[in-house]
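With the first letter of the sequence shown counted as 1, position 435 gets the number 453 in this note's numbering; the numbers rise by one all the way through. Glycine included, C-beta positions come from ideal geometry on N, C-alpha and C. Okay, structure first, notes after.
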Amino acid sequence: MRALLCVKAQQLLSRGFIHPVRPAAAVRWQAAPSKLFCSSAPDGNNKPSSMLRHLTSKIKATGPIPVAEYMREVLTNPVKGYYVRSNMLGPEGDFITSPEISQIFGELIGVWIISEWMGAGQPKQLQLVELGPGKGSLASDVIRVFSQLQSVLGGASVSLHLVEVSPALSLLQAQNLTGNRSQEADAEDDLVYRRGETEAGLPVSWYRRLDDVPTGFSIFVAHEFFDALPIHKFQRTEKGWREVLVDIDPEKPDTLRFVVAPAPTLASTSLVQVSLDLHVSMFCSALVEGSSCRKQKGSCASGRGKPGSTGPSLLFLNSSSEGFKGHQLHDVLASPGSADLTADVDFNYLRRMAGGGVACLGPVTQNTFLKNMGIDTRMQILLRNCRDPSTRKQLISSYNMLTNPAKMGERFHFFSLLHPSRLAKPQKPQGLKLEKKKSPAPLPVAGFTELKFA
Ligand SMILES: C[S@@+](CC[C@H](N)C(=O)[O-])C[C@H]1O[C@@H](n2cnc3c(N)ncnc32)[C@H](O)[C@@H]1O
């Protein structure tokens, strides 16, 4: 099975098809100093934005708000949120991500997904679930790999499930993945708010929440998603850990500032005990808990007892920084809603929240993961098939951006959560007890160990 995947992957890699190389631009990973007590006035013009007006009236009504609530409003408020109303990705936007830099990134994730599907015993149904798909570029590169490796996927029925909070981005995803073959749901409260199909007939569904995705064998991918989720921030004081809140500056009414809660809050009493890091994402942990519960329910994943069959896998990676606007670092409290906000993902916390019933792999650096997945071979083939000097230059520069340790290579990390049976030795078939043969080892998880070409 492994050999087959490797041979097929090699075939894919040797095809050397090149899609328009996405232009390089400033990326989201630049380091930002943590400004715990920064305060800022609105950008340039003196008129407070509608988001700032919304936040100040909220704070006036209820008092200072947790950083998590500030982030949730600024990023995903249904009317004014940053992700909800704009397309911020790409050279013309505020930041660029790995799938936007090069097609190779998504192609290698596609090979990883097929490898995991094989490691899970090749279930007849495969739901690919992507959390926060941005422009849909990663999913589109993955689907292309699926059609190239159709013979490996055999008769598996594959469907794509996108969890996206932004109507603007979901439209862009629909355009990129299905052309005109998608339709909005009739009722506003429909769990699937848009449905469509790709040119090759693969069904695509859009959801607002992970909980709404149907159960079934699923592989989850989340790229630059967990770091966009709301976090709580804490500060060590003489009286112990206290939560950092967002308040209005009493001296400048249209300006926000950070303050430290004078007394313990619900978050500081419940969360600081489990993590002494400066910030913790409750949403993140709920998501991980939710996904591991889903694993129990996924009967097609683990219930059939087929040797090697396992629950789903989750693959995601982390980035860090605070606010981005026009590819520049941006004060996180200035003109809220006009810039992206991100926070480092605490992998140790995620590991603890996942609990003992889930196997965790990584984090490994992006450089290690992509090299293990065969990025060097893929690059050589693309370059061999490409004569155009400017495309060659772009290929080399995007490869460098993705893998160079000083760029994204060591700044970004891959982390994977697996059903524990994925790494367990398959049981010996009954009736062979007298044979001294050892049980076969489980398939290694690609990316976290080197992918060998047969
Ligand atoms: C930083 S972008 C990353 C996009 C894409 N994965 C990439 O790497 O290019 C974050 C994505 O997550 C979505 N998102 C943010 N918060 C979300 C939430 N709470 N639920 C669902 N989607 C969310 C955004 O709309 C956006 O598509």
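Which residues DSSP lists as bridging residue i, in chain order
i	result
THR255	GLY258
HIS437	None, per the DSSP bridge assignment.
TRP224	LEU180 and ARG212
ASP265	ARG275
PRO407	Partner(s): none; PRO407 has no beta bridge.
PHE113	LEU107
ILE83	VAL264
THR467	ALA464
heavy atom of ligand 1 below 7 Å from residue i C-beta
i	result
ALA246	yes
LEU187	yes
PRO84	no
PRO282	no
VAL277	no
TYR101	yes
PHE466	no
HIS250	no
LEU156	yes
LEU195	no
GLU118	yes
GLY152	yes
HIS437	no
SER184	yes
LEU93	yes
GLU87	no
PHE123	no
PHE243	yes
LEU178	no
LEU107	yes
VAL350	no
VAL181	yes
THR233	no
THR409	no
THR421	no
Presumed contact (8 Å Cβ cut-off) between residue i and residue j, rounded CB distance
i	j	result
LEU107	LYS153	5 Å
VAL163	GLY128	3 Å
GLY214	VAL222	5 Å
SER120	TYR367	About 31 Å; that fails the 8 Å criterion.
PRO460	LEU441	5 Å
THR476	VAL183	Lying before the first or after the last residue shown, residue 476 is absent from the chain, which here runs from 19 to 472.
LEU351	LEU274	4 Å
GLU261	HIS250	6 Å
LEU178	LEU220	6 Å
LEU146	ILE237	6 Å
LEU149	ALA240	4 Å
TRP224	ALA464	Between ALA464 and TRP224 the Cβ distance is about 28 Å, and since that is not below 8 Å, they are no contact.
Test: residue i CB closer than 8 Å to a CB of chain C
i	result
ALA281	Looking for chain C here will not work: only one protein chain is present.
Secondary structure, alpha helix (DSSP H): runs of 4+ residues fully inside the region 340-400
365-372 and 384-390
Along the chain, which unbroken stretches of the beta strand (DSSP E) at least 3 residues long are found entirely within the region 121-202?
143-149, 175-181 and 200-202
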